[in-house]
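In numbering that gives the first Met the number 0, the protein residues as written are 0 to 84. For every residue, glycine included, the Cβ atom is placed at its ideal position computed from N, Cα and C.
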Amino acid sequence: MVRIMDIREKKQEELIVNHIENGMEQILIFGAGFDSRAIRFAGKNMKTKIFELDSLHTQTAKIKQYRKRGISIPKNTIFIPINFA
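Written as structure tokens, this is what we have:
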């Protein structure tokens, strides 16, 4: 059984890869949480800036986990802390 969420996530991934391959200048990910697309698509993405917007607490925890695991954050990934309230 395929969940609706699986289909939506797959479509989002296809759109992001398509935009990166076609030279999209920037992508905004609101409420990025522990989304790893900026890391997973780093090999395909040399120009597109990926802005990850989330709470400072969540971004700090995410960056800490990347460092703990020796995962390099691409230079074109920009973390922007925001207050959703």
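DSSP, read as helix, strand or coil, puts residue 34 in coil.
In its chain, beyond the 5 residues on either side, 46, 47 and 48 have a beta carbon closer than 8 Å to the beta carbon of residue 24.
CA-to-CA, the gap between residue 21 and residue 42 works out to about 14 Å.
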